[in-house]
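Line by line, the protein sequences are chains B and D.
The first sequence runs 10 to 174 under this note's numbering.
The second sequence runs 10 to 174 under this note's numbering.
Idealized CB from N, CA, C, for every residue including glycine.
As the structure is a computational prediction, the values presented were derived from the model and not from experiment.
Right, one structure below, let's go through it.
2 protein chains.
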Amino acid sequence: LGVHVSGAALAKDEARVTIHGVPDHPGVVHAIFRRIAESNIVVDMIVQNVSTDARTEVSFTVAASELAETLRAAEAGAKVIGATSVSHNAGVAKVSVVGLGMRTHTGVATAMFQALADEDINIQMITTSEIKISVLVDRESATRALKIVHRAFALDRAPADLPRP
Amino acid sequence: LGVHVSGAALAKDEARVTIHGVPDHPGVVHAIFRRIAESNIVVDMIVQNVSTDARTEVSFTVAASELAETLRAAEAGAKVIGATSVSHNAGVAKVSVVGLGMRTHTGVATAMFQALADEDINIQMITTSEIKISVLVDRESATRALKIVHRAFALDRAPADLPRP
Ligand SMILES: C[C@@H](O)[C@H](N)C(=O)O
Ligand SMILES: C[C@@H](O)[C@H](N)C(=O)O
Numbered sequence: 010l011g012v013h014v015s016g017a018a019l020a021k022d023e024a025r026v027t028i029h030g031v032p033d034h035p036g037v038v039h040a041i042f043r044r045i046a047e048s049n050i051v052v053d054m055i056v057q058n059v060s061t062d063a064r065t066e067v068s069f070t071v072a073a074s075e076l077a078e079t080l081r082a083a084e085a086g087a088k089v090i091g092a093t094s095v096s097h098n099a100g101v102a103k104v105s106v107v108g109l110g111m112r113t114h115t116g117v118a119t120a121m122f123q124a125l126a127d128e129d130i131n132i133q134m135i136t137t138s139e140i141k142i143s144v145l146v147d148r149e150s151a152t153r154a155l156k157i158v159h160r161a162f163a164l165d166r167a168p169a170d171l172p173r174p
Numbered sequence: 010l011g012v013h014v015s016g017a018a019l020a021k022d023e024a025r026v027t028i029h030g031v032p033d034h035p036g037v038v039h040a041i042f043r044r045i046a047e048s049n050i051v052v053d054m055i056v057q058n059v060s061t062d063a064r065t066e067v068s069f070t071v072a073a074s075e076l077a078e079t080l081r082a083a084e085a086g087a088k089v090i091g092a093t094s095v096s097h098n099a100g101v102a103k104v105s106v107v108g109l110g111m112r113t114h115t116g117v118a119t120a121m122f123q124a125l126a127d128e129d130i131n132i133q134m135i136t137t138s139e140i141k142i143s144v145l146v147d148r149e150s151a152t153r154a155l156k157i158v159h160r161a162f163a164l165d166r167a168p169a170d171l172p173r174p
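Written out as C-alpha cells, the structure is:
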C-alpha cells in the first residue's frame with residue numbers, strides 16, 4: 010500500500026458520551042472539557058463535526074468504569090453552555106490501525122473500512138491522524154474487529170510467513 | 010501539566026468536505042472512501058460522530074487545491090450511498106498540538122481549547138489521538154491560532170528562557 014502499517018490496537022472497555030445541541034461559538038468546548046479535566050477524568054477520543062444551524066455535537070470516550078462520573082460532569086457542562094441533551098453508550102470499543110509514514114493514509118483508511126464492512130461491523134465514530142486511524146464499534150464486535158483488521162493488514166503473520174515480493 | 014507537549018503544527022491551506030445524511034449501516038464509509046482513494050486524493054482528517062435517527066455526517070479535509078476533484082468523488086459517493094447532500098468549506102486550516110506521553114491529554118486539550126477561546130477563535134471540528142489534538146479553524150484565524158497555542162504551551166521560548174522549577 011506504500012505505507013507501513015505497524016500494528017492494530019483495541020481499547021475494549023470504553024464508554025461514549027455525546028453532548029447534543031452544542032452552541033457553535035468560541036469558548037464552548039473549553040467550558041465542557043474544563044469540567045471534565047477538573048474531575049480528573051481521562052478522555053480518549055474527542056470528536057466534533059461541523060455545525061448545522063449553529064449547533065453541533067461533541068462526543069468523547071472514557072474508560073467504561075468512569076462513565077457515571079463523566080456523565081455528571083458532562084450534564085453540568087451541558088447545562089452551563091445551553092446544550093440540549095446528553096446521551097451515552099456504555100458498551101463500545103475503540104479499534105485502531107497504527108502506521109508510520111501514513112501520510113497518504115486514505116488507502117489505509119479505505120482498507121480498514123472495507124475489512125469492517127466485510128464483517129458487517131458498524132462504525133459508530135471515526136477519528137484520524139497521520140499515524141493512527143481509530144473507529145468506535147460495539148463492544149460485542151470488538152474482538153472480531155481487531156482480528157479482521159489484523160488480517161487485512163497481514164499483521165497476524167510472522168514476518169517469515171509473508172510472501173516474498 | 011504532567012505531559013510533554015513537544016510542538017504545534019499548522020496545515021494552512023485545507024478544504025473541508027462534509028457528506029450529510031449518511032445512512033448509518035456497515036459498508037457506507039467504505040463506499041465513500043473507496044472512491045476518494047481511487048481518485049488518488051490524499052485525505053487528512055476524517056471525522057464522523059455518532060448517528061441520530063440512523064443518519065450521520067462524515068467530514069474530511071484535503072489540500073485546498075484538491076477540492077474540486079474531491080467534491081466530484083464525494084458527490085458520486087453520496088449518490089451511491091443515498092446520502093442527502095454534500096457541503097464544503099474552501100478556507101479552513103488545521104491547528105494541532107503534538108505531544109509524547111499525552112496519555113492523559115484531557116488537560117492538554119482543555120488548555121488548547123482555552124487558548125483558542127481566549128482569542129475568540131471558533132473551533133469547527135475536533136479530532137484527537139494520544140499524541141495529537143487537531144482542530145479545524147477558519148483560515149483567517151490560522152496564524153493567530155498557531156501563535157496562541159505556541160504561547161499556551163511555552164513552545165515559543167528557547168529552553169533557556171523557561172522558568173526554573
Ligand atoms: C462547538 C465548539 O467547538 C465551539 N465552536 C468552540 O469553539 O468552543
Ligand atoms: C456511517 C458509517 O460509518 C457506517 N456506520 C459504516 O459503518 O460504514
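Chain B beta carbons: is any one of them nearer than 9 Å to that of residue i?
| i | result |
| --- | --- |
| D:T119 | yes |
| D:G116 | yes |
In the structure shown, what three-state DSSP assignment does residue i receive?
| i | result |
| --- | --- |
| B:I69 | In the sequence under discussion, the amino acid at residue 69 of chain B is Phe, which differs from the Ile named in the question. The answer is strand: DSSP assigns B:F69 an E or B state. |
| D:I45 | helix |
| D:H13 | strand |
| D:Q123 | helix |
| D:A92 | coil |
| D:N157 | Note that residue 157 of chain D is Ile in the sequence shown here, rather than Asn. Of the three classes helix, strand and coil, the one that applies to D:I157 here is helix, per DSSP. |
| B:S138 | strand |
| D:S74 | helix |
| B:R25 | strand |
| D:V52 | strand |
| B:H212 | Outside the displayed span of chain B (10 to 174) sits residue 212 of chain B, for which this structure offers no information. |
| B:G36 | coil |
| B:S150 | helix |
| B:E64 | Reading the sequence as shown, one finds Arg at residue 64 of chain B and not Glu. Reduced to three states, the DSSP call for B:R64 is strand. |
| B:L80 | helix |
| D:A85 | helix |
| D:N98 | strand |
Give me the Cα-Cα distance between residue i and residue j, rounded to the nearest whole angstrom.
| i | j | result |
| --- | --- | --- |
| B:L10 | B:S96 | Here B:L10 scores only 47 on pLDDT, less than 50, and its place in the model should not be relied on; the value that follows carries that caveat. Taking the straight line joining both Cα atoms gives about 38 Å. |
| B:S105 | B:L19 | 6 Å |
| D:T136 | D:S74 | 22 Å |
| D:A151 | B:R166 | 44 Å |
| B:A17 | B:L155 | 7 Å |
| D:V144 | D:M134 | 5 Å |
| B:S138 | D:D22 | 17 Å |
| B:V37 | D:T61 | 21 Å |
| B:D129 | D:E128 | 45 Å |
| B:A24 | B:I157 | 22 Å |
| B:G108 | B:H13 | 6 Å |
| B:V31 | B:A82 | 15 Å |
| D:L76 | D:V146 | 17 Å |
| B:A161 | B:M121 | 7 Å |
| D:F84 | D:R43 | Checking the sequence shown, residue 84 of chain D turns out to be Glu, not Phe. C-alpha separation (whole angstroms): 13 Å. |
| B:A63 | B:A163 | 44 Å |
| D:V56 | D:I142 | 13 Å |
| B:E149 | B:A99 | 12 Å |
| B:G86 | D:I140 | 25 Å |
| D:V26 | D:A72 | 11 Å |
| D:D33 | B:A124 | 17 Å |
| D:H159 | B:S15 | 31 Å |
Do residue j and residue i count as a contact pair if the criterion is CB distance below 9 Å?
| i | j | result |
| --- | --- | --- |
| D:T93 | D:I50 | no |
| D:V101 | B:E66 | no |
| D:I132 | D:S68 | no |
| B:A40 | B:I90 | yes |
| D:P35 | B:A126 | yes |
| D:T115 | B:V52 | yes |
| B:K103 | B:M54 | yes |
Quick check: is the beta carbon of residue i nearer than 9 Å to any beta carbon in chain D?
| i | result |
| --- | --- |
| B:R166 | no |
| B:T27 | yes |
| B:F162 | no |
| B:L19 | no |
| B:L125 | yes |
| B:S74 | no |
| B:S96 | yes |
So which residues on chain C does residue i lean against when the C-beta distance must stay under 7 Å?
| i | result |
| --- | --- |
| D:L80 | Absent from the structure: chain C. Protein chains present are B and D. |
Against chain B: residues of the segment 127-160 of chain D by CB proximity under 9 Å: Hits within the stretch, in order: D127, E128, D129, I130, N131, I132, Q133, M134, I135, T136, T137, S138, E139, I140, K141, I142, S143, V144, L145.
Selection of the segment 34-67 of chain D by Cβ proximity to chain B, strictly under 7 Å: Only those residues of the segment 34-67 of chain D whose C-beta falls short of 7 Å from the nearest C-beta of chain B are listed: H34, P35, G36, V38, H39, F42, R43, I45, A46, I50, V51, V52, M54, I55, V56, Q57, N58, V59, E66.
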